[in-house]
Amino acid sequence: MASLMLGIDFSKTDMQIGIWNEERTCADVYQFPEYMGGDIIPTMVIANEEGNLLVAKEALDYSMKTQQHGVTSLYGNLSNDKIDLGTRQMSVNQLFAHYLQETLAVIRKRFGSASIARIGITGERMTEEKKHHLAEIMESIGYSGDKLFFASHADTVLWYEICESTKGSSMTLDFDSKGMMAYLMNPGNEDMDIPYYVETIDYTGLMPGGLTGILDEEERKNSFTGVTELAIARKAVARLYVTGDIVDTPGVSTILGRFYNNGRRIFTGRSLYCLGACYYAVKEKLPKKAIGDAQIFHDVTLEAYEDAVIHQVLLLKAGTDLSKAGAGIQVILDDTREMKFQITDVRTAESINCTLHPEEFPFRENKTLRLEIEARFLDYETLVLKIRDVGFGDICPASYRVWEQTVNLG
Amino acid sequence: MGKLIVTTGNYAKTGYLLKNSKQNIYSIEELCYCIMRNPELCDDYLYDEGLARYIRESLGLKERGALLADLIKRDAPLKDLITVVFCSCDYYTKEEIEEFLQEQSKVERSEEWVRTKSKADSYLTHGNFRDAVMNYRFLLKEKETYGITSETLGDIYHNLAIALLHTDGFGEAADYFREAYERNNREETLKQYLLALRFSGDRVMYESALDIYQVSESISKWLDVAFFQTELETQEISDFNDINLLRQLLRDGKINEFYINVNRITEQMKEQYRKYNE
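Residue numbers (this note's numbering), protein chains in the order written: chain A, -19 to 390; chain B, 2 to 279.
Structure below.
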């Protein structure tokens, strides 16, 4: 029996599914021409005034037109309301579980009753709450947590680009009803130990409501051109991916033509994220050093004596998830009151030094002042260094005094 | 050059009481510190299998703990045990460890009574008075075998007397202070002798000692001040304890007991006032 790997992209209104066959040689996006009477699998539903169920973009358009609240979306706002399906009522979770179950059954059947080994799941931002919710739905249809691998859109771009062995940097522009998100993928440099990394730039503020909210076609095209120009201005982008609702707008390809430049390649479509999610599910590890979305870009070290040598002791490593980017060590001061930190941005390999010499340390005999030193990132550019006197046992009890310094790396 | 030393192993939640030193440790660095500060005591606890287990389990230094346990089992020389502990962390540099071990070798080559006295002195410093008394008594018993000088004997008597102040009381301590003073002739010993006599309540002996040793006026004044201060401190501690007792009774809602104690303390205060005005 064949074994499949899937990548599911939960976009705002619908989902795309990428499938890897057993040889793991290629990824493809699966289409569902006969499913649910259309070629989409919805992630958004709404009941109209007549009580009919509208799905996907229809649901979005209807909600925008009528300003109706209570839109139920797998990826966005969730409600506990029951959806009336005529013959029976279902909760939102049950409904989406039903969609997924049916879809996955179709896929398995198409591949000769194949089993599904691993599923990469992606969405714009993969918060813990979203992961938990999606995992719950997947588990309700028999796909346990150990088969599921969650990644944000930014991470899937990174995985896709590295696994496809592309050259140079790329930019992905994702236009949806909220605005535009850009993902700039920067290639690493193995010789200089610079990792691949992706930067997320949120352009939502530039066009609230997104391009699809602009009814005038000419205005919409102008706006699209302007934002795209702004996003790629002064960036050596070898590939431009355009995705999201905008790809359905007539004339987009013509507009994009003006961005062909110095061999730049341009792609439009909706498959990038689900293919990236496929790679995410298939590969255990990236073949190259990379820093993903929601991970810090800095190594934080402290000059200290360990294993009989003075060296830079690593406190935080670039690539650590921001939510987990806090670490501490304990040191004993020996004829010094200074703490020398080095913070290295791995994107540029540039370091800055930061020396702390807190005043009013308790007076103690040499080598009996033990301190706990903690480094913690509040966001990608804000590092907090915290020092706490934890004493030297009963020999010199702790004062528990705390010294804190914030380092802005922006 | 100054440096920050990265600590090794866990910082234990519960301390380990080093045998005979009255010192709790929570980390391997603290153990190193204790060995370096009081090397004469370390053979008391380094051969303790409980310490090896503590290093292995509570401090998380599995290999070091196991190695120490193995050396203890084989009754290895103390120097080996010290080296294992020192090399478990970065608290002391290689040079500091070598210097210490050289010093230890010298101590090991010194006469037995010197080592015993050094150990007894350490017990005294760390408040282990019972073991201090035992070691000083042993030295006095064997004083002729060892050929200890009269002045050093005086110091031994003096320290023994101090230890006895904490274990047996002023009477016996005073006797040893006298023995000490007769050998070392030190003013400090004389002061302690007279103070012990005064606290023992033997007024006759005290007055007689003042005559015998022709105590100067300055020493006499010092004795008055020291005696008065000690009395005052004792009184203050007693008042403080009384207040704590009253607070505790109120907290526990023991109202009857509270008033009984208030009356008792008031009566005591009245009595003191009367004595003061006599």
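Even glycine gets a Cβ: it sits at the ideal position worked out from N, Cα and C.
| field | Integer Cβ distance of B/I83 from B/W114, believed to fall under 8 Å | value | Indexing the second sequence from 1 puts residue 83 of chain B at position 82. Indexing the second sequence from 1 puts residue 114 of chain B at position 113. In this structure B/I83 does not touch B/W114 by the C-beta definition: roughly 23 Å separates them, more than the 8 Å allowed.
| task | Compute the distance between the beta-carbons of A/G306 and A/R368, then report whether it is under 7 Å. | result | Here the question's residue 306 of chain A lines up with position 326 in the first sequence. Here the question's residue 368 of chain A lines up with position 388 in the first sequence. It is not a contact, given that the beta carbons lie outside the stated cut-off.
| task | For B/T15, count neighbouring C-beta atoms within 10 Å of its own C-beta (all shown protein chains included) and say buried if the count is 16 or more, exposed if not. | result | For the purposes of this step, residue 15 of chain B is taken as residue 14 along the second sequence, with counting starting at 1. Per the 10 Å Cβ criterion, exposed.
| Residue span of the alpha helix (DSSP H) that contains B/E100, given as start and end | Sequence index remark: in the second sequence, residue 100 of chain B carries index 99 (1-based). That run of the alpha helix (DSSP H) goes K95 to R110.
| task | Tell me A/S132's beta-bridge partners as DSSP assigns them. | result | Looking up residue 132 of chain A in the first sequence gives position 152. A/G103.
| message | Can you pull the chain A neighbours of B/S22, defined as C-beta to C-beta under 7 Å? | response | As a first step, residue 22 of chain B must be located in the second sequence, where it is residue number 21. Residues of chain A whose Cβ lies closer than 7 Å to the Cβ of B/S22 do not exist, since the nearest Cβ in that chain is about 11 Å away.
| Continuous beta strand (DSSP E) stretch holding A/M165: start and end | Here residue 165 of chain A corresponds to residue number 185 of the first sequence, with the count starting at 1. Segment G159 to N166, the beta strand (DSSP E) holding A/M165.
| query | Do you know how far the Cα of A/K127 is from the Cα of A/I(-12)? | reply | By one-based count along the first sequence, residue -12 of chain A stands at place 8. By one-based count along the first sequence, residue 127 of chain A stands at place 147. Rounded to whole angstroms, A/I(-12) to A/K127 spans 13 Å at the Cα level.
| What does A/H291 pair with, by DSSP beta-bridge criteria? | Your numbering for residue 291 of chain A matches position 311 in the first sequence. For A/H291, which the question treats as bridged, DSSP gives the partners A/A284.
| request: Identify the contact partners of B/N11 in chain A, using a Cβ-Cβ distance below 9 Å as the criterion. | output: As a first step, residue 11 of chain B is located in the second sequence; it is residue number 10 there, counting from the start. Simply none; closest approach about 10 Å.
| request: List in chain order: all unbroken alpha helix (DSSP H) runs of 4+ residues lying wholly within the stretch 222 to 271 of chain A. | output: Here the runs fully enclosed are 232 to 236 and 252 to 262.
| Looking at the unbroken beta strand (DSSP E) that takes in B/D71, where does it start and where does it end? | The residue given as residue 71 of chain B occupies position 70 in the second sequence. Run containing B/D71: none in the beta strand (DSSP E); it sits in the alpha helix (DSSP H), K63 to K74.
| said: Contact criterion: CB-CB distance below 7 Å. Does B/L5 meet it with respect to chain A? | reply: Walking along the second sequence from the start, residue 5 of chain B turns up at place 4. So, interface residue.
| Start and end residues, beta strand (DSSP E) containing A/L153 | Locating residue 153 of chain A in the first sequence gives position 173, where the first residue counts as 1. For A/L153, the enclosing beta strand (DSSP E) begins and ends at S149 to D156.
| task | Would you mind sorting A/K110 into buried or exposed? The rule is 16 or more other CB atoms within 10 Å of its CB. | result | Counting from 1 along the first sequence, the entry for residue 110 of chain A is found at position 130. The residue is buried, with at least 16 neighbouring Cβ atoms inside 10 Å.
| field | Proximity to A/C254 [Cα-Cα], best of A/L(-16), A/A(-18), A/F(-10) and A/S(-17) | value | As a working mapping, residue 254 of chain A is identified with position 274 in the first sequence. Among A/L(-16), A/A(-18), A/F(-10) and A/S(-17), the Cα nearest to that of A/C254 is on A/F(-10).
| query | How big is the Cα-Cα spacing for B/R179 and B/Q103? | reply | Position 178 of the second sequence, counting from 1, holds the residue named residue 179 of chain B. Position 102 of the second sequence, counting from 1, holds the residue named residue 103 of chain B. So the alpha carbons of these two residues sit roughly 39 Å apart.
| Hey, would you say B/T9 sits closer than 7 Å to B/C88, going by beta carbons? | Translated into the one-based positions of the second sequence, residue 9 of chain B becomes position 8. Translated into the one-based positions of the second sequence, residue 88 of chain B becomes position 87. No. Outside cutoff.
| message | Going by DSSP in three states, A/S303 sits in which element: helix, strand or coil? | response | Taking the first sequence and counting its residues from 1, the one referred to as residue 303 of chain A is at position 323. Three-state result, A/S303: helix.
| query | Between A/I276 and A/A257, which are expected to be in contact by the criterion C-beta below 8 Å, what is the C-beta distance as a whole number of angstroms? | reply | Taking the first sequence and counting its residues from 1, the one referred to as residue 276 of chain A is at position 296. Taking the first sequence and counting its residues from 1, the one referred to as residue 257 of chain A is at position 277. Not a contact, Cβ separation roughly 23 Å.
| query | Looking at the structure shown, is A/E14 part of a helix, part of a strand, or coil, going by DSSP? | reply | One-based indexing of the first sequence puts residue 14 of chain A at position 34. Because the pLDDT at A/E14 is just 49, under 50, the model does not fix this residue reliably, and the value given afterwards should be weighed accordingly. Reduced to three states, the DSSP call for A/E14 is coil.
| Near-chain B residues of the stretch 301 to 318 of chain A - C-beta to any C-beta below 9 Å | I309, Q310, V311, I312, L313, D314, D315, T316, R317 and E318
| Is there at least one Cβ from chain C nearer than 7 Å to A/V289's Cβ? | In the displayed structure, chain C is absent; the protein chains listed are A and B.
| My guess is that A/D225 and A/D156 are in contact by the Cβ rule of under 8 Å, so how many angstroms apart are they, rounded? | As a first step, residue 225 of chain A must be located in the first sequence, where it is residue number 245. As a first step, residue 156 of chain A must be located in the first sequence, where it is residue number 176. The Cβ separation is near 5 Å, so the contact holds.
| message | If you reduce the DSSP assignment to three classes, tell me which class A/L186 lands in. | response | Indexing the first sequence from 1 puts residue 186 of chain A at position 206. Helix.
| said: Distance check for A/V293 and B/Y48, CA to CA, integer angstroms please. | reply: As a first step, residue 48 of chain B is located in the second sequence; it is residue number 47 there, counting from the start. As a first step, residue 293 of chain A is located in the first sequence; it is residue number 313 there, counting from the start. Their backbone Cα atoms lie some 34 Å apart in a straight line.
| request: Find the residues of chain A that neighbour B/K95, judging by a C-beta separation of less than 7 Å, and give them in chain order. | output: Residue numbering aside, residue 95 of chain B sits at position 94 when the second sequence is read from its first letter. Under the 7 Å cutoff, chain A gives A288.
| Top-ranked residue by Cα proximity to A/T328, from A/N73, A/N166 and A/T281 | On the first sequence, position 348 is the one that residue 328 of chain A refers to. Comparing Cα positions, the closest option is A/N166.
| request: Under 7 Å Cβ to Cβ from B/E50, same chain only, skipping five residues before and after it: list those, please. | output: Against the second sequence, residue 50 of chain B aligns to sequence position 49. In the same chain as B/E50, and ignoring 5 residues on each side of it, the C-beta atoms closer than 7 Å to its own belong to A70 and I73, in chain order.
| query | Shorter than 7 Å from the beta carbon of A/G371 to some beta carbon of chain B? | reply | Taking the first sequence and counting its residues from 1, the one referred to as residue 371 of chain A is at position 391. No, A/G371 does not count as interfacial toward chain B.
| field | the stretch 358 to 367 of chain A contacting the stretch 34 to 49 of chain B, beta-carbon criterion three pairs below 8 Å | value | no
| request: Report yes or no: is there a C-beta of chain B within less than 7 Å of the C-beta of A/D392? | output: Any question about residue 392 of chain A goes unanswered here, given that chain A covers just -19 to 390.
| query | Does the stretch 189 to 203 of chain B touch the stretch 159 to 175 of chain B, meaning 3 or more C-beta pairs lie closer than 8 Å? | reply | Contact between the stretch 159 to 175 of chain B and the stretch 189 to 203 of chain B is present, with at least three C-beta pairs closer than 8 Å.
| request: Indicate the three-state DSSP secondary structure (helix, strand or coil) for A/Y380 in the structure shown. | output: By 1-based counting over the first sequence, the position of residue 380 of chain A is 400. A/Y380: coil per DSSP, three-state reduction.
| said: Does chain A have any CB closer than 7 Å to the CB of B/Y27? | reply: Here residue 27 of chain B corresponds to residue number 26 of the second sequence, with the count starting at 1. Interface residue, yes.
| task | Just mark B/N21 as buried or exposed, buried being the case when its beta carbon has 16 or more other beta carbons within 10 Å. | result | Within the second sequence, numbered from 1, the residue matching residue 21 of chain B stands at position 20. It is buried - the Cβ of B/N21 has at least 16 other Cβ atoms within 10 Å.
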